[in-house]
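Student: Supplied in structure tokens, the structure appears directly below.
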Amino acid sequence: MHEALEPIFQRVLDRNPGETEFHQAVREVLESIGPAVDRHPEYADAKIVERICEPERQIIFRVPWEDDEGNIHINRGFRVEFNSALGPYKGGLRFHPSVLLGTVKFLGFEQVFKNALTGLPIGGAKGGSDFDPRGRSDREVMRFCQSFMLELYRHLGEHTDVPAGDMGVGARELGYLFGQYKRITNRYESGVLTGKGLLYGGAQVRREATGYGSAFFMEEMLRVRGDSLEGKDVVVSGSGNVAIYTIEKVHQLGGRVVACSDSTGFVHDPRGIDLDLLKDVKEVRRERISAYAEKIAGATFVSGRSIWEVPCQVALPSATQNELDVAGATALVRNGCIAVGEGANMPTTPDAVRVLQEAGVAFGPGKAANAGGVAASALEMQQNASRDSWTFEHSEARLREIMVNIHARCYETAEEYGAPGNYVTGANIAGYARVAEAMLGLGLI
Ligand code: NDP
Ligand code: 2IT
Numbered sequence: 018m019h020e021a022l023e024p025i026f027q028r029v030l031d032r033n034p035g036e037t038e039f040h041q042a043v044r045e046v047l048e049s050i051g052p053a054v055d056r057h058p059e060y061a062d063a064k065i066v067e068r069i070c071e072p073e074r075q076i077i078f079r080v081p082w083e084d085d086e087g088n089i090h091i092n093r094g095f096r097v098e099f100n101s102a103l104g105p106y107k108g109g110l111r112f113h114p115s116v117l118l119g120t121v122k123f124l125g126f127e128q129v130f131k132n133a134l135t136g137l138p139i140g141g142a143k144g145g146s147d148f149d150p151r152g153r154s155d156r157e158v159m160r161f162c163q164s165f166m167l168e169l170y171r172h173l174g175e176h177t178d179v180p181a182g183d184m185g186v187g188a189r190e191l192g193y194l195f196g197q198y199k200r201i202t203n204r205y206e207s208g209v210l211t212g213k214g215l216l217y218g219g220a221q222v223r224r225e226a227t228g229y230g231s232a233f234f235m236e237e238m239l240r241v242r243g244d245s246l247e248g249k250d251v252v253v254s255g256s257g258n259v260a261i262y263t264i265e266k267v268h269q270l271g272g273r274v275v276a277c278s279d280s281t282g283f284v285h286d287p288r289g290i291d292l293d294l295l296k297d298v299k300e301v302r303r304e305r306i307s308a309y310a311e312k313i314a315g316a317t318f319v320s321g322r323s324i325w326e327v328p329c330q331v332a333l334p335s336a337t338q339n340e341l342d343v344a345g346a347t348a349l350v351r352n353g354c355i356a357v358g359e360g361a362n363m364p365t366t367p368d369a370v371r372v373l374q375e376a377g378v379a380f381g382p383g384k385a386a387n388a389g390g391v392a393a394s395a396l397e398m399q400q401n402a403s404r405d406s407w408t409f410e411h412s413e414a415r416l417r418e419i420m421v422n423i424h425a426r427c428y429e430t431a432e433e434y435g436a437p438g439n440y441v442t443g444a445n446i447a448g449y450a451r452v453a454e455a456m457l458g459l460g461l462i
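Counting from 18, one number per residue, gives the positions in the sequence shown under this note's numbering.
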């Protein structure tokens, strides 16, 4: 780390004790923006890095709700409004029992740089709750969402803060959240949430966007190496929103996804994942991934082992943070993997990133590779503002163009700062420089 950044990082550690995921995300950025610090002394004078590491606002609230048996539950809600230099706060909501303030801060911090990379006018935020939607009835999820929004609504607005989905928050949850916002405020303010259903202000391709974008980014990383996804065996972890639409696009681009997972294990289907079956198991029935293997001959369900042991040329970790460790990265390299793209946020541990980069594996960090979701959200905001709705084809073409541009921005910035082929350096410096310039222009606020 650049010596000027060390005391700043130490202060982040001291004043955010125990928030290990937040520390990890900050360290990764500070370790790569050193060359930009040397080139821009004016950023240091304005204390840009110190300001970027401190959220503009952090909201924590109680969420009481009643289950179907009449039992009362208390969860904790969060919204961390990290940075609004480039536009209204923007970023998803995660409902998962593991969610702590430090989780939301790591995600919000990443989001600032990711959103900057899209080139669209969106600031960075994240929110969520330790509520676990798995195994809950639709009505329980609805009551939770209504209680969550009863507090959160006062902080939101189409020009203020615009949440979307993340783990555990999809179209169902966003529908209930939007319904409650509309009811409380008496405003049909479509642009206050993105990822909505198509009948109430949603946009074509938002559901598919993170996964499609991740596949497009991978295609670009391979293209500059004179290669493509055609004929490649691919492993995608997870089987949620990001994973499913990554698999869909990888198949359309000629690759074959041979394994995917959930928190109980993974399925290996050497002939290629049957996407209709996977969608039925996961999106319609909300079953465990083992149900996939029970319904199709030739597929096996494996638990207690790592999905990264399945041989592949391309890996797309698309489940959760720190799911790809050194052992996994070593197995990937050993089996001849040539490219890894992060569909999830921070799925690869820092040591595993080093293993991959040192082995010459093309490595696309999440804040670039999975930016397609939030980019499509910004397009949804644009459509809501103009009361318009674009076709699927037009929306997908826009998404692809944005991903190609993000790739180019990362690739060129890495070259410019003396780290050719290092997308981590490229993404962090390109995102940082854009936010820093905007913050300078806005003055000390
Ligand atoms: P979903 O809730 O739809 O799916 C998450 C998937 O990850 C599930 O299959 C889940 O399995 C699995 N998973 C969770 N924890 C673990 C674990 N410890 N080990 C193995 N598998 C696990 O979430 P999304 O697909 O939306 O999000 C996935 C990742 O992508 C997250 O990191 C998210 O932040 C990121 N992301 C999401 C975007 C979006 O638009 N949705 C945009 C950009 C990034 P199970 O059901 O068993 O828990
Ligand atoms: O991590 C992410 O980029 C998201 N969960 C999507 C955020 C958004 O506002 O669409």
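By construction, the Cβ of each residue, glycine as well, lies at the ideal position given by its N, Cα and C atoms.
Within 8 Å, do at least three Cβ pairs link the region 238–252 to the region 207–220?
Tutor: no
Student: For leucine 137, which residues of its own chain have a beta-carbon under 7 Å away from its beta-carbon, when the five flanking residues on both sides are left out?
Tutor: Stepping through the sequence shown from its first residue, residue 137 is reached at position 120. Correct list, in chain order: Ala392 and Ala395.
Student: I need the DSSP call for aspartate 149, collapsed to helix, strand or coil.
Tutor: Sequence index remark: in the sequence shown, residue 149 carries index 132 (1-based). Reduced to three states, the DSSP call for aspartate 149 is coil.
Student: For the ligand NDP, is there any heavy atom lying closer than 7 Å to the beta carbon of glycine 358?
Tutor: In the sequence shown, counting from the first residue as 1, residue 358 sits at position 341. The ligand NDP has no heavy atom closer than 7 Å to the beta-carbon of glycine 358.
Student: Report yes if the C-beta distance between alanine 470 and alanine 450 is below 8 Å; otherwise report no.
Tutor: As displayed, the chain neither begins before 18 nor continues past 462, which places residue 470 out of reach and without an answer.
Student: According to DSSP, histidine 285 sits in a beta bridge with which residue or residues?
Tutor: Residue 285 sits at position 268 when you count from the first residue of the sequence shown. Paired residue(s): Ala276 and Thr317.
Student: Should threonine 211 be counted as a contact of the ligand 2IT given a C-beta to heavy atom distance under 7 Å?
Tutor: Sequence index remark: in the sequence shown, residue 211 carries index 194 (1-based). It does: the Cβ of threonine 211 is within 7 Å (strictly closer) of some heavy atom of the ligand 2IT.
Student: Does the separation of the CB atoms of methionine 235 and valine 378 fall below 8 Å?
Tutor: Position 218 of the sequence shown, counted from the first residue, corresponds to residue 235. Position 361 of the sequence shown, counted from the first residue, corresponds to residue 378. Not in contact: methionine 235 and valine 378 (Cβ atoms no closer than 8 Å).
Student: Looking at C-alpha atoms only, which residue of Glu340, Tyr193, Pro364 and His176 is the closest neighbour of alanine 402?
Tutor: Taking the first residue of the sequence shown as position 1, residue 402 is located at position 385. Residue His176 is the option with its Cα nearest to alanine 402.
Student: Can you tell which of Glu45, Glu36 and Arg32 has the C-alpha that lies nearest to the C-alpha of threonine 365?
Tutor: For the purposes of this step, residue 365 is identified with residue 348 of the sequence shown, where counting begins at 1. That would be Glu45, whose Cα lies nearest to the Cα of threonine 365.
Student: Looking only at its chain, what residues have a beta carbon closer than 6 Å to the beta carbon of alanine 376, apart from the 5 residues adjacent to it on each side?
Tutor: What you label residue 376 is simply residue 359 of the sequence shown in a count that begins at 1. Hits under 6 Å: Val350.
Student: Verify whether the separation of the beta carbon atoms of isoleucine 201 and leucine 167 is less than 8 Å.
Tutor: The residue given as residue 201 occupies position 184 in the sequence shown. The residue given as residue 167 occupies position 150 in the sequence shown. Yes, the pair counts as a contact, with Cβ atoms nearer than the cut-off.
Student: Taking 7 Å as the cut-off, is the beta-carbon of glycine 187 closer than that to any non-hydrogen atom of the ligand NDP?
Tutor: By one-based count along the sequence shown, residue 187 stands at place 170. Yes.
Student: For glutamate 98, report the span of its beta strand (DSSP E) as first-last.
Tutor: What you label residue 98 is simply residue 81 of the sequence shown in a count that begins at 1. Looking at the DSSP string, the run of the beta strand (DSSP E) that includes glutamate 98 is 89–100.
Student: Can you say whether histidine 411 is buried or exposed, counting buried as having 16 or more other CB atoms within 10 angstroms of its CB?
Tutor: The residue given as residue 411 occupies position 394 in the sequence shown. Flag for histidine 411 reads exposed.
Student: Whether or not the region 254–264 and the region 413–426 are in contact is what I'm after, with contact meaning three or more pairs of Cβ atoms, one per stretch, closer than 8 Å; do they touch?
Tutor: no
Student: In whole angstroms, what separates the C-alpha of histidine 285 from that of serine 278?
Tutor: Stepping through the sequence shown from its first residue, residue 285 is reached at position 268. Stepping through the sequence shown from its first residue, residue 278 is reached at position 261. If I take the Cα positions, the gap works out to 9 Å.
Student: In the region 245–274, which residue ranges form an unbroken alpha helix (DSSP H) of at least 4 residues, counting only runs that do not cross its ends?
Tutor: Runs of the alpha helix (DSSP H) inside the region 245–274: 258–269.
Student: Judging by CA-CA distance, which residue of Arg288, Ala361 and Ala455 is the nearest neighbour of tyrosine 262?
Tutor: Within the sequence shown, the letter at position 245 stands for residue 262. Checked all of Arg288, Ala361 and Ala455; the closest Cα to tyrosine 262 is Ala361.
Student: Exposed or buried, what is aspartate 62 when buried is set at 16 or more other beta-carbons lying within 10 Å of its beta-carbon?
Tutor: Counted from its first residue, the sequence shown places residue 62 at position 45. Flag for aspartate 62 reads exposed.
Student: Please name the residue or residues paired with arginine 74 in a DSSP beta bridge.
Tutor: Taking the first residue of the sequence shown as 1, we reach residue 74 at position 57. Paired residue(s): Glu98.
Student: Can you tell me where the beta strand (DSSP E) holding leucine 333 begins and where it ends?
Tutor: Start at 1 with the first residue of the sequence shown, and residue 333 comes out as number 316. Start and end: 331–333.
Student: Closest to alanine 220 by CA distance: which of Glu247, Ala181, Ile306 and Leu246 is it?
Tutor: Position 203 of the sequence shown, counted from the start, is the residue given in the question as residue 220. Of Glu247, Ala181, Ile306 and Leu246, the residue nearest in Cα terms is Ala181.
Student: Less than 7 Å between C-beta atoms, sequence neighbours within five positions excluded: which residues of the same chain meet that for cysteine 162?
Tutor: Taking the first residue of the sequence shown as 1, we reach residue 162 at position 145. Sequence-distant Cβ neighbours of cysteine 162 in its own chain, meaning closer than 7 Å and more than five residues away, are Glu190, Tyr193, Leu194 and Gln197.
Student: By Cβ distance below 6 Å, which residues in the same chain neighbour alanine 346 in space, the five residues on each side in sequence not counted?
Tutor: Numbered from 1 along the sequence shown, position 329 holds the residue referred to as residue 346. Short of 6 Å from the beta carbon of alanine 346, and not among the five residues preceding or following it, lie these beta carbons of its own chain, in chain order: Ala369, Val372 and Leu373.
Student: At a threshold of 7 Å, does serine 254 count as lining the ligand NDP (C-beta to nearest heavy atom)?
Tutor: Here the question's residue 254 lines up with position 237 in the sequence shown. Yes, the ligand NDP has a heavy atom inside 7 Å of this Cβ.
Student: Does DSSP put tryptophan 325 in a helix, in a strand, or in coil?
Tutor: Counting from one through the sequence shown, the residue named residue 325 turns up at place 308. Helix.
Student: How many angstroms separate the CA atom of valine 327 from the CA atom of arginine 79?
Tutor: Here residue 327 corresponds to residue number 310 of the sequence shown, with the count starting at 1. Here residue 79 corresponds to residue number 62 of the sequence shown, with the count starting at 1. Their backbone Cα atoms lie some 43 Å apart in a straight line.
Student: Take the Cβ of arginine 32 as the centre, count every other Cβ of all protein chains shown within 10 Å, and call the residue buried at 16 or more, exposed below.
Tutor: Taking the first residue of the sequence shown as position 1, residue 32 is located at position 15. Exposed: under 16 other Cβ atoms inside 10 Å.
Student: Using alpha carbons as the reference points, say which of Cys354, Leu341 and Asn352 lies closest to methionine 363.
Tutor: In the sequence shown, counting from the first residue as 1, residue 363 sits at position 346. The shortest Cα separation from methionine 363 among Cys354, Leu341 and Asn352 belongs to Leu341.
Student: Is any heavy atom of the ligand NAD found at a distance shorter than 7 Å from the C-beta of asparagine 439?
Tutor: The ligand content of the structure shown is limited to the ligand NDP and the ligand 2IT, which means the ligand NAD is not among them.
Student: Measuring only the C-alpha atoms, how far is histidine 268 from valine 274?
Tutor: As a working mapping, residue 268 is identified with position 251 in the sequence shown. As a working mapping, residue 274 is identified with position 257 in the sequence shown. Cα to Cα, histidine 268 sits roughly 7 Å from valine 274.
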